[in-house]
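Remember, our numbering sits 143 above the position in the sequence shown when you count from 1.
C-beta atoms are modelled at their ideal positions from N, C-alpha and C, and glycine is treated no differently.
Since we're looking at a predicted model, the values are computed, not measured.
Working notes, structure below.
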Amino acid sequence: MSEQEDSINKENDSILSPSEFYRRLRPENFSDSEISTSHELPKEVLAFELDNITKNQKENQFETLARKLAEKLITPNLIPQVGPTGGGDGKTDSETYPVSTSISDRWFIPNNGWDKDEKWAFAISAKKTWKSKLKSDIVSILGTERDYTRIYFITNQTPSSKKKKDAQDEFIKQFKINIVILDGVWILENVYSSNLINLVVDSLNLSEIYRRDEKYLGSNDIRREKKLAEIEENISNPNRYFEYDFQLVEDALEAAILTKKLEKPRTELEGKFDRVERLVEKTGNKGQILRFRYQKAWTYVNYYDDYKAFLIEYHEFKKHIHSYITISSIEYYTTLYTLLRTVQSNNEKLVPLKLLKSEKKELFDFLEKISKRKTSSSTSLTALMYKDITLSFDLIDKPEENRLIFLRMKKTILASEGRLEFPFEQFQKMILILGNIFTNSNEFDDLFETVIRLSETRTSQMEAGQLYINRGGQKMANKNYRDGLINFGKAITKLSKSESQYGFYLASMGLSQAYGQLGLHHASYASKVSAVSILLKPWFDEGNLDSRLIDLVDNLLGEEILLGKLPHFLTWHELFRVLYYQLKNADKIDGIDNLTKFDTFLCVRLLNSSLDEDTLEHLPLICKKQELLLSEDVALFLLGYQGDIFKDYLHVNVKSEKELEDYYNVVANQPLRNQFINEIECFSNKNTSLSTTILGCEIEVQFNTETPIIILAETILAYIEGFLGTSLDNLYPSCERILIKLQHSSNEYKVVADKKTHCYNLYWDANFNPANDQDRIFKCGMDLMSLILINDFIMEDYKIYLEDLFKAQEVNERLQILLNHKIFIGNVLGDKPKLTFDNWKSEITPNVRESRFVLNKSKSNNIDKKIISTKSKHNKSDLQSIPHNKRKVISIIENKLWDNASWKGMGVFGSPDGVGLILGFENIEFGVKIFEDWIDRFGNIDANDKIKISIITDIDNKNPFWYQVMISSNFQKNEIDEDTILLTPCRYHQMNAVNNRNLLVLKEGIKRFKKLRLYCGKIEEDLQMQVNFDLWIEKTEIVFVHKNDVKENDIEYVAVMNS
């Protein structure tokens, strides 16, 4: 049950005080220890002992008591006196010693915490003539000329408040120094309020019968005491944290919460709250500030019934609420308002009804503003629910208005379906509690039924989601990554609920691994980001840091090294450093220094890159600020500063600049370089592109280099990968490359085919909201995929393909998560992530090299290319195991154009200048387009013989002059990896010739002129050829081969098989 629910319950109890009610409701949040007080030191006895210190000759013991009380209650950095009694040689009984504020801020002291640069002196006396003793002590202390800023005088005497105040004012005016008098009354009050009786017994050597018996610790308190001791030890360790860091504040706040639950003296808890306040003011973390103020205000009501203190903290909390709006902060604010209403009902004088109404209006204005800011987002729906639940209490006696509220709550609950962060389970419990009040409302009954129905659906979906995760894991273990992707994709949306966030994390990680294994790096990256977002949420909201985060961000960094997106690497490295130090300080990670690991990886990446001078000149300072010191050296080396750095490498036997160059050549040639997927990308130019490979076809997205558009481009590529990722054996690309020109267009979502084939103009508002614009962006995405499937891919049966994709695979489930990439990025990296190089630029280090450093790259067997044969090494069932990036399309055939052109034959002509070969098309306008595309790609001179023309003769024993003409890619000119499969479309046509005259002319012309020209022609109805002499391509090669000489590994085998 949440604290908000506890507060709702409290509305119905007018007998118990808030703290009594909360103790009865949640006893596990209080101490479960037992304390025996049968032999406690009576206050009257201690007062008598203090009054007779001199008579009993216990001046030394009193001084010990006074110093220990000062250490406990004022400041712990005291130097005890070592001279004779009464100040002796040092002129003071004690004084403070200087410490750093980073240490003093960690103390919890109930009264007057010590500040930096102050120096306090302590005088202690048991004399009855306390005033004259104080004056003489002041004179002695100031005579030391040690620049004291304050003097504390601790006495066992009990002067009246007026005499004490008059003495302080008199001496402050006379000696110009702050004087604080602490008398016997102060000692008595603090001994009993702070539970320091045992300290008094020990210091004054009193009878053991007065010692307060020890606690009999309960099981909860044993655990809490152990945890508190560990935290306090950590906080006291000056080497454990940064000077002021997130985890230090978290530990200090946790210590305060444990102190509260152990029911230690309030003065101790106040001291620990003060410590948190000092620390959190230094770190400035908005989430921590808000959570601290909430905890403090909430504690004052539920543990101490201290309404005045609550009211002060309530207003302090409100000062920060508008700067950090999350689902948790909305809950905090609403809960505190509910407590304020409880306080008002118990103390109308302190909180008049007018004030409560004003606070209610302020809360409702806040919730209304949030609910309208992002319609249908989890945050806005949460604000609507809290507003209506709070409002329903004020309208208990107005059934008609409550009827409308319950109808609105039902609408909100229904709109929350599929919202990962919406706290459905929490609202479900709150609605069940409201049922105790609204027992005769049909609308509430309808709301209740809706909640129960959704709860059943959510439970069913979560169970199904978990089963899909298990099945996905089985598929992955068997290296069936395609089916693993399908199962994790089915699980992801079913688990996108606040109560199943761990399952969502597992599904996201499963998707990321499956995408990665299939060579789909953008979808893998987007899935990892969603997993990071899930694990970071408890840290941002509650301070609970999940140790799995470090491995996840580690994985992201490794992937960024391979992909080469430098600003992305720096951004994730910045987060990694924070996580690494926090978890290392908390003893939650061990092993090698991963910071050094990624520094080394970046060194290899930089040495293998060809960065421009402007980028290089900014790198040294960027790397230094990110603690990438090895990479800083590499950047300096590349800029010509090897003379300044080689001495730092004496420990690796580098003794000269030449040896440093040799050393960096070794670093650059580490095996890691063979794993790089793309060239390094700095996002520093005006325009940039990102790409992916689908079934061997490159899909490139071009865009303006702006952070919102970079995120959008990542989203588009991830969406395409998610859509086509499982189409490993039933879809075939018809082109080598698809180009998408992405353009930001305000409030527009549409795709238009470009004049160029396989090119699209995508207009998309880069400031889109995935929740608000869900329908529009989903339609635009589907429009894009429809055009790509129709124009750029071939499939056997569209209907079967699409039914499998949308019904059997439930592809929309995994696509929905990918389209939310912008939300997840914002959750992790904020609204303005640093994804361009300009975001990182600062001062430059000028380039002093006369010429660029040339890397001496070693040969690697891992990347040697081999020409593969045309014979397929894989059958159709094997295709499911071959990743997208291990396929390659080499194509000169645009299938759609060739279908429309209707190739009908070949003609040959000779002339004094050479020989010509004419491809005759029925629809010449498409034939012209084929030739224009070829000329655009290869030029008028096909120097590299990219267009392969094969003449296969002797194809029919009964018709000796018949032959086949085949047009294909000359893929033997394109070397590919040995483990990559090749897809190359081709076209062939059978010529039923009655003689061999054309072939003789063609052979003789090529033999004589060593070349031929390829022309585009139109076949007329009378079979005559009309030639377009303006469109031509010159070639030097043509293949003549007998049918019987065609081998199974030859590309011509395709035509022979079908002849």
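Review point. Is there contact here, the region 920-938 with the region 628-637, by at least three beta-carbon pairs under 8 Å?
Key: With a cut-off of 8 Å on Cβ pairs, the region 920-938 is not in contact with the region 628-637, counting fewer than three such pairs.
Practice item. Specify, as a first and last residue, the run of the beta strand (DSSP E) that LYS884 falls within. Key: Along the sequence shown, one-based indexing puts residue 884 at 741. Membership of LYS884 in the beta strand (DSSP E) is indicated by the continuous run 880-887.
**Study point:** Contact check, LYS415 vs THR426, beta carbons under 7 Å
**Key:** On the sequence shown, position 272 is the one that residue 415 refers to. On the sequence shown, position 283 is the one that residue 426 refers to. Cβ atoms of LYS415 and THR426: not closer than 7 Å.
Review point. Do PHE339 and SER176 have their C-beta atoms within less than 7 Å of each other?
Key: Here the question's residue 339 lines up with position 196 in the sequence shown. Here the question's residue 176 lines up with position 33 in the sequence shown. Correcting the residue identity first, residue 339 is Leu in this sequence and not Phe. In this structure, SER176 does not lie closer than 7 Å to LEU339 by Cβ.
Check your understanding: Taking the C-alpha atoms as reference points, what is the distance between VAL1197 and MET619?
Key -> Counting from 1 along the sequence shown, the entry for residue 1197 is found at position 1054. Counting from 1 along the sequence shown, the entry for residue 619 is found at position 476. Between VAL1197 and MET619, the C-alpha separation is close to 36 Å.
Practice item. Following the continuous beta strand (DSSP E) through ASP327, name the residue where it begins and the one where it ends. Key: Against the sequence shown, residue 327 aligns to sequence position 184. Before going on, a small fix: residue 327 reads as Gly here, not Asp. Element bounds for GLY327: not the beta strand (DSSP E) but the alpha helix (DSSP H), 327-336.
Exercise for review: From the DSSP output, in three-state form, read off THR836 for me.
Suggested key: Residue 836 sits at position 693 when you count from the first residue of the sequence shown. Strand at THR836.
Review point. For ASN1214, which residues does DSSP report across the bridge?
Key: Residue 1214 cannot be examined here, being either before or after the span of the chain that is shown, 144 to 1202.
Exercise for review: Measure the beta-carbon distance from GLY1048 to GLY1063 and round it to whole angstroms, keeping in mind my assumption that it falls under 8 Å.
Suggested key: Taking the sequence shown and counting its residues from 1, one reaches residue 1048 at position 905. Taking the sequence shown and counting its residues from 1, one reaches residue 1063 at position 920. Contact flag correct, Cβ pair sits at about 5 Å.
Exercise for review: Quick one: measure Cβ to Cβ for LEU1060 and LEU1145, integer angstroms, because I've assumed they're closer than 8 Å.
Suggested key: Taking the first residue of the sequence shown as position 1, residue 1060 is located at position 917. Taking the first residue of the sequence shown as position 1, residue 1145 is located at position 1002. With a Cβ gap of about 6 Å, LEU1060 and LEU1145 count as contacting.
Check your understanding: Does the region 866-879 come close enough to the region 887-894 to have 3 or more Cβ pairs within less than 8 Å?
Key -> No: the two stretches stay apart, fewer than three of their Cβ pairs being nearer than 8 Å.
Point to revise | For ARG1151, three-class secondary structure by DSSP | key: For the purposes of this step, residue 1151 is taken as residue 1008 along the sequence shown, with counting starting at 1. In the three-state scheme derived from DSSP, where H, G and I count as helix and E and B as strand, ARG1151 is classed as helix.
Review point. Under a three-way DSSP split, which group does PRO876 fall into?
Key: Looking up residue 876 in the sequence shown gives position 733. In the structure shown, PRO876 adopts extended strand secondary structure according to DSSP, grouped into three states.
Practice item. Identify whether THR402 lies in helix, strand or coil by the three-state DSSP scheme. Key: Within the sequence shown, residue 402 is the residue found at index 259, counting from 1. The answer is helix: DSSP assigns THR402 an H, G or I state.
**Study point:** Reduced DSSP category for VAL1137 - H, G, I as helix; E, B as strand; rest coil
**Key:** Here residue 1137 refers to the residue found at position 994 when the sequence shown is read from its first residue. Reduced to three states, the DSSP call for VAL1137 is coil.
Review point. What does a CB cutoff of less than 8 Å around GLU375 pick up in its chain, not counting 5 residues either side in sequence?
Key: Looking up residue 375 in the sequence shown gives position 232. The residues ALA398, in chain order, have a CB closer than 8 Å to that of GLU375 in the same chain once the five nearest residues on each side in sequence are set aside.
Exercise for review: Compute the Euclidean distance between the alpha carbons of PRO707 and SER1112, then round it to the nearest angstrom.
Suggested key: As a first step, residue 707 must be located in the sequence shown, where it is residue number 564. As a first step, residue 1112 must be located in the sequence shown, where it is residue number 969. What sits at residue 707 in the sequence shown is Gly, not Pro. Looking at the backbone, the Cα of GLY707 and that of SER1112 are separated by about 31 Å.
Practice item. Let me know the secondary structure DSSP gives ASP1085 once reduced to three states. Key: Translated into positions along the sequence shown, residue 1085 becomes position 942. Three-state DSSP puts ASP1085 in coil, outside helix and strand.
Check your understanding: Given PRO851, which residues of its chain have a CB within under 7 Å of its CB, disregarding the five upstream and five downstream residues?
Key -> Taking the sequence shown and counting its residues from 1, one reaches residue 851 at position 708. Cβ-Cβ distances below 7 Å link PRO851 to ALA909 and ASN910 in the same chain, with the five nearest sequence neighbours on each side left out; the list follows chain order.
Exercise for review: Return the first residue and the last residue of the beta strand (DSSP E) that ASN955 is part of.
Suggested key: Counted from its first residue, the sequence shown places residue 955 at position 812. Note, ASN955: premise wrong, no beta strand (DSSP E); alpha helix (DSSP H) at 954-961.
Check your understanding: Can you name the start and end residues of the alpha helix (DSSP H) that VAL1108 belongs to?
Key -> Along the sequence shown, one-based indexing puts residue 1108 at 965. Per DSSP, VAL1108 lies in no alpha helix (DSSP H); the unbroken beta strand (DSSP E) holding it starts and ends at 1106-1112.
Point to revise | Start and end residues, beta strand (DSSP E) containing TRP263 | key: Numbered from 1 along the sequence shown, position 120 holds the residue referred to as residue 263. TRP263: member of the beta strand (DSSP E) spanning 263-268, first to last residue.
**Study point:** ARG484 - DSSP class collapsed to helix/strand/coil
**Key:** What you label residue 484 is simply residue 341 of the sequence shown in a count that begins at 1. Assigned with DSSP and collapsed to three states, ARG484 falls in helix.
Point to revise | Endpoints, beta strand (DSSP E) assigned at SER283 | key: Residue numbering aside, residue 283 sits at position 140 when the sequence shown is read from its first letter. Premise fails: SER283 lies in the alpha helix (DSSP H), 273-286, not in any beta strand (DSSP E).
Exercise for review: With HIS761 as the anchor, note down where its alpha helix (DSSP H) starts and where it stops.
Suggested key: As a first step, residue 761 is located in the sequence shown; it is residue number 618 there, counting from the start. Here the alpha helix (DSSP H) through HIS761 covers 756-768.
Check your understanding: Quick one, which of ILE548, LEU726, GLU703 and LEU705 has its alpha-carbon nearest ILE693's?
Key -> Counted from its first residue, the sequence shown places residue 693 at position 550. The residue with the shortest Cα to Cα distance from ILE693 is LEU726.
Check your understanding: Can you tell me whether PRO814 is buried or exposed, with buried defined as 16 or more other CB within 10 angstroms of its CB?
Key -> Start at 1 with the first residue of the sequence shown, and residue 814 comes out as number 671. The Cβ neighbour count for PRO814, taken over all protein chains shown within 10 Å, is under 16; the residue is labelled exposed.
Point to revise | For LYS1186, three-class secondary structure by DSSP | key: Along the sequence shown, one-based indexing puts residue 1186 at 1043. LYS1186: helix per DSSP, three-state reduction.
Exercise for review: Starting from GLU1195, trace the beta strand (DSSP E) both ways and give me its first and last residue.
Suggested key: Against the sequence shown, residue 1195 aligns to sequence position 1052. From DSSP, GLU1195 is part of no beta strand (DSSP E); its letter is neither H nor E.
Review point. Taking buried to mean at least 16 other C-beta atoms within 10 Å of its own C-beta, is GLY686 buried or exposed?
Key: To locate residue 686, count along the sequence shown from 1; it is residue 543. Buried is the label assigned to GLY686, since at least 16 other Cβ atoms lie within 10 Å of its Cβ.
**Study point:** Inside the region 631-666 only - alpha helix (DSSP H) runs reaching at least 4 residues
**Key:** Within the region 631-666, the complete alpha helix (DSSP H) runs of at least 4 residues are 644-660.
Exercise for review: For GLN785, count neighbouring C-beta atoms within 10 Å of its own C-beta (all shown protein chains included) and say buried if the count is 16 or more, exposed if not.
Suggested key: Here the question's residue 785 lines up with position 642 in the sequence shown. Buried, since its Cβ has 16 or more Cβ neighbours within 10 Å.
Practice item. Kindly identify the DSSP beta-bridge partner or partners of PHE1074. Key: Walking along the sequence shown from the start, residue 1074 turns up at place 931. Paired residue(s): none; PHE1074 is not in a bridge.
Review point. By a C-beta neighbour count over all protein chains shown, 10 Å radius and 16 as the cutoff for buried, is GLU606 buried or exposed?
Key: Your numbering for residue 606 matches position 463 in the sequence shown. Result: exposed.
Review point. Any idea which residues DSSP pairs ILE297 with across the strands?
Key: Residue 297 sits at position 154 when you count from the first residue of the sequence shown. In DSSP, ILE297 forms a bridge with ILE267 and LEU325.
Review point. Out of curiosity, what's the CA-to-CA distance linking ILE330 and ASP194?
Key: Indexing the sequence shown from 1 puts residue 330 at position 187. Indexing the sequence shown from 1 puts residue 194 at position 51. Approximately 12 Å between the Cα atoms of the pair.
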